[in-house]
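Chemist: Residue numbers (the numbering used here), protein chains in the order written: chain A, 40 to 425; chain B, 146 to 271.
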């Protein structure tokens, strides 16, 4: 294994292409055609074509997802990964791709995803069967995933005195960024008072604490230095990646206020040799406001329990000291069921200096942090302008 | 209703307990710790002698939410769902009355006895 670690260190890897699919409400494309469009756009940025792809990483693209996507794209990759790590899969795939490329198992990795959950009205509230959930959790009418996140938020409030107004700061920051992003879905002004007055869904979480339900997706391309030199756009170096997991059933979570981001962050920041102080842009998975609060604590931006006061005063908003959710995030830009890939794409745009009105000045290091399930998985990626 | 006996044979003793009004959990003969759901080994000490015991039904509300949207047919929103930590250690979901909050001591009993529809309801305990 240490040989592989050394190989990863010796062979710097880059994100050489990043593209969104059509976003919002997509009436004239299928999920597979969306993936096809984004994959070709991302490869074009890298000066590559589908024929160059020999590693394929997908999640939520149906059973044996790499087969369905590979067939559609007309490729026969030699490295295949359909690991289901929920919305965090895409950050995890970056780590998997680092290992695969360093081990010589593939050279050009394509990570892709698309969903039409809004158009198909396929977002479910009652979870897919799991024996224990069916017997012990489903009868209580706790909607998934929001009910589980609400239990986390309520516990955090009880244990640390976190307030709804502090959670609202996160929603307001995301909206302020979305107002600078022409592709964002929700761009109306949002104040703390608006957020507090929004209707309750599963208290303590209200409408403004919850992500959008939209169509969307994207693609990114990862490769080594040799091919990165051909890229049309500035390549973004991958400094480190990590993943972790916790519980599936809420009754089995050992600590509701501690997410597996503790593990994924430690691994990613350790591999990258950075600390939270070094981060210029943070793209945390904002499925719910509480998801962001836990990420800030678990990645070490502040101590456990201090997330509420940390986000006050617009710290995450445009002009704040930790620009976060800079696309508008899942809360205001786009949330196609799994957000992780869009976090990576936004991080790449910021590091390339392509983010237009929402550009964070002189962004050198960005972190994308994915979360899956009900705080069940986490994966963290550290990226740098090369 | 679900056919729990087929779905998950390891839970048969639990559902037999529910029919008797008991909240059954596993107890490790070696270290005395309680665990639930059931496993063929102890999560704490790795012991393999585990027995089903009837928990006291007493616990503390660990977290608590109010659901405001319709999820299943026979629960009209708003209703409150708690995560309760039993004094023995394992946690269960349960419905709760309006007069309890996080940190309160509660006592639970079953409403119904069939897998898929049986629910625990917790009320304030002295």
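Every residue, glycine too, gets a C-beta built ideally from N, C-alpha and C. A quick note: this is a predicted structure, and the numbers were derived from the prediction, not measured.
At least one CB of chain A closer than 7 Å to the CB of residue 151(B): is that the case?
Modeler: Walking along the second chain from the start, residue 151(B) turns up at place 6. For residue 151(B), the answer is no, since every Cβ of chain A falls outside 7 Å of its Cβ.
Chemist: Quick check on residue 238(B) - is its C-beta less than 7 Å from some C-beta in chain A?
Modeler: If you number the second chain from 1, residue 238(B) lands on position 93. Yes, because at least one Cβ of chain A sits closer than 7 Å to the Cβ of residue 238(B).
Chemist: Hey, could you find the ends of the beta strand (DSSP E) residue 130(A) is sitting in?
Modeler: Here residue 130(A) refers to the residue found at position 91 of the first chain. Residue 130(A) -> not in any beta strand (DSSP E); alpha helix (DSSP H) instead, spanning 128-141.
Chemist: So, is the C-beta of residue 183(A) closer than 7 Å to a C-beta in chain B?
Modeler: Here residue 183(A) refers to the residue found at position 144 when the first chain is read from its first residue. Output row for residue 183(A): interface = no.
Chemist: Taking a cut of 7 Å between CB atoms, which residues from the segment 188-213 of chain A lie near chain B?
Modeler: Residues passing the 7 Å Cβ filter: 189, 190, 193, 194, 197.
Chemist: Chain A beta carbons: is any one of them nearer than 7 Å to that of residue 209(B)?
Modeler: Within the second chain, residue 209(B) is the residue found at index 64, counting from 1. Chain A, which has a Cβ nearer than 7 Å to the Cβ of residue 209(B), makes this yes.
Chemist: By the criterion of Cβ-Cβ separation under 7 Å, what are the contact partners of residue 240(A) in chain B?
Modeler: For the purposes of this step, residue 240(A) is taken as residue 201 along the first chain, with counting starting at 1. Here the neighbours are 213, 214.
Chemist: Is it right to say residue 325(A) is buried, meaning 16 or more other beta carbons lie within 10 angstroms of its own, or is it exposed?
Modeler: The count along the first chain starts at 1 and reaches residue 325(A) at position 286. Buried, because 16 or more other Cβ atoms sit within 10 Å of the Cβ of residue 325(A).
Chemist: Could you confirm whether any beta carbon from chain B is found closer than 7 Å to the beta carbon of residue 178(A)?
Modeler: In the first chain, residue 178(A) corresponds to position 139, counting from 1. By this cut-off, residue 178(A) is an interface position.
Chemist: Excluding five sequence neighbours on each side, which residues of the same chain lie with their C-beta closer than 7 Å to the C-beta of residue 40(A)?
Modeler: By 1-based counting over the first chain, the position of residue 40(A) is 1. In this predicted model, residue 40(A) has a pLDDT of only 47, less than 50, meaning its place in the structure is not dependable enough to derive any value.
Chemist: Here's the rule: buried if 16 or more other CB atoms are within 10 angstroms of the residue's CB, otherwise exposed. What is residue 219(B)?
Modeler: Along the second chain, one-based indexing puts residue 219(B) at 74. With fewer than 16 Cβ atoms within 10 Å of its Cβ, residue 219(B) is classed as exposed.
Chemist: Check whether chain A comes within 7 Å of residue 189(B), counting only Cβ atoms and requiring the distance to be less than that.
Modeler: Locating residue 189(B) in the second chain gives position 44, where the first residue counts as 1. It does not; no Cβ of chain A falls within 7 Å.
Chemist: What span of residues does the beta strand (DSSP E) with residue 228(B) cover, start to end?
Modeler: Here residue 228(B) corresponds to residue number 83 of the second chain, with the count starting at 1. Residues 224-231.
Chemist: Measure the Cβ-Cβ separation of residue 239(A) and residue 193(A) and say whether it is below 7 Å.
Modeler: As a first step, residue 239(A) must be located in the first chain, where it is residue number 200. As a first step, residue 193(A) must be located in the first chain, where it is residue number 154. Cβ atoms of residue 239(A) and residue 193(A): not closer than 7 Å.
Chemist: Out of 362(A), 277(A), 298(A), 402(A), which has the shortest C-alpha to C-alpha gap to residue 52(A)?
Modeler: Position 13 of the first chain, counted from the first residue, corresponds to residue 52(A). Answer by Cα proximity: 277(A).
Chemist: When the Cα of residue 402(A) is compared with those of 338(A), 318(A), 188(A), 271(A), which residue comes out closest?
Modeler: Locating residue 402(A) in the first chain gives position 363, counting from the first residue. Nearest of 338(A), 318(A), 188(A), 271(A) to residue 402(A), Cα basis: 318(A).
Chemist: Please work out which residues of its chain come closer than 6 Å, Cβ to Cβ, to residue 187(B), disregarding the five sequence neighbours upstream and downstream, and give them in chain order.
Modeler: If you number the second chain from 1, residue 187(B) lands on position 42. For residue 187(B), where only same-chain residues beyond five positions count, the Cβ hits under 6 Å are 173.
Chemist: List the whole-angstrom C-beta distance separating residue 139(A) from residue 118(A), where the pair is believed to meet the contact cut-off of C-beta under 8 Å.
Modeler: By 1-based counting over the first chain, the position of residue 139(A) is 100. By 1-based counting over the first chain, the position of residue 118(A) is 79. Contact flag correct, Cβ pair sits at about 5 Å.
Chemist: Going by DSSP, name the residue or residues bridged to residue 151(A).
Modeler: In the first chain, the residue the question calls residue 151(A) occupies position 112. Residue 151(A) is bridged to 97(A), 258(A).
Chemist: For residue 301(A), does the count of other Cβ atoms within 10 angstroms reach 16, so buried, or fall short, so exposed?
Modeler: Here the question's residue 301(A) lines up with position 262 in the first chain. Classification for residue 301(A): buried.
Chemist: For residue 185(B) and residue 195(B), I'd like the C-alpha separation in whole angstroms.
Modeler: Position 40 of the second chain, counted from the first residue, corresponds to residue 185(B). Position 50 of the second chain, counted from the first residue, corresponds to residue 195(B). Cα-Cα distance, rounded: 7 Å.
Chemist: Quick check on the DSSP output: the beta strand (DSSP E) that includes residue 158(A) runs from which residue to which?
Modeler: Within the first chain, residue 158(A) is the residue found at index 119, counting from 1. Careful: residue 158(A) lies outside any beta strand (DSSP E), inside the alpha helix (DSSP H) at 156-159.
Chemist: Between residue 424(A) and the rest of its own chain, which residues show a CB-CB distance below 6 Å, the 5 nearest in sequence each way excluded?
Modeler: Your numbering for residue 424(A) matches position 385 in the first chain. Closer than 6 Å at Cβ, skipping near neighbours: 390, 403.
Chemist: Taking the alpha-carbon positions, what's the residue 171(A) to residue 184(A) distance?
Modeler: Translated into positions along the first chain, residue 171(A) becomes position 132. Translated into positions along the first chain, residue 184(A) becomes position 145. Spanning the two alpha carbons is a distance of roughly 16 Å.
Chemist: Residue 228(B) and residue 207(B): beta carbons closer than 7 Å?
Modeler: Residue mapping note: residue 228(B) aligns to position 83 of the second chain, counting from 1. Residue mapping note: residue 207(B) aligns to position 62 of the second chain, counting from 1. Yes.
Chemist: How about residue 173(A): is its C-beta nearer than 7 Å to some C-beta of chain B?
Modeler: The residue labelled residue 173(A) in the question sits at position 134 within the first chain. So yes, residue 173(A) belongs to the interface.
Chemist: CA-CA distance, residue 204(B) and residue 260(B)?
Modeler: Stepping through the second chain from its first residue, residue 204(B) is reached at position 59. Stepping through the second chain from its first residue, residue 260(B) is reached at position 115. Looking at the two C-alpha atoms, the distance is approximately 22 Å.
Chemist: Mind listing which residues of the segment 242-253 of chain B have their C-beta closer than 9 Å to chain A's C-betas, in chain order?
Modeler: Listed by position, the residues of the segment 242-253 of chain B near chain A (Cβ gap below 9 Å) are 246, 247, 248.
Chemist: DSSP state of residue 70(A), grouped into three classes?
Modeler: Residue numbering aside, residue 70(A) sits at position 31 when the first chain is read from its first letter. Residue 70(A) falls in the helix class under three-state DSSP.
Chemist: Relative to chain B, which residues along the segment 273-303 of chain A have a C-beta separation below 9 Å, given in chain order?
Modeler: Residues 288, 289, 290, 291, 292, 295.
Chemist: Which one of 279(A), 67(A), 178(A) has the shortest CA to CA distance from residue 405(A)?
Modeler: Here residue 405(A) refers to the residue found at position 366 when the first chain is read from its first residue. With distances taken between Cα atoms, residue 405(A) lies closest to 279(A).
Chemist: Where does residue 327(A) fall in DSSP's three states?
Modeler: Numbered from its first residue, the first chain carries residue 327(A) at position 288. Correct three-state label for residue 327(A): strand.
Chemist: Would the segment 375-382 of chain A count as touching the segment 339-347 of chain A if we require 3 or more Cβ pairs under 8 Å?
Modeler: Touching, no, given that fewer than three Cβ pairs across the two stretches are closer than 8 Å.
Chemist: For residue 420(A), which option in 196(A), 214(A), 135(A), 92(A) has the closest C-alpha, if you only look at C-alpha atoms?
Modeler: As a position in the first chain, residue 420(A) is number 381, starting the count at 1. Looking at the Cα atoms, 135(A) is the closest of the given residues.
Chemist: Residue 185(B) CB to nearest chain A CB: under 7 Å?
Modeler: Translated into positions along the second chain, residue 185(B) becomes position 40. It does not; no Cβ of chain A falls within 7 Å.
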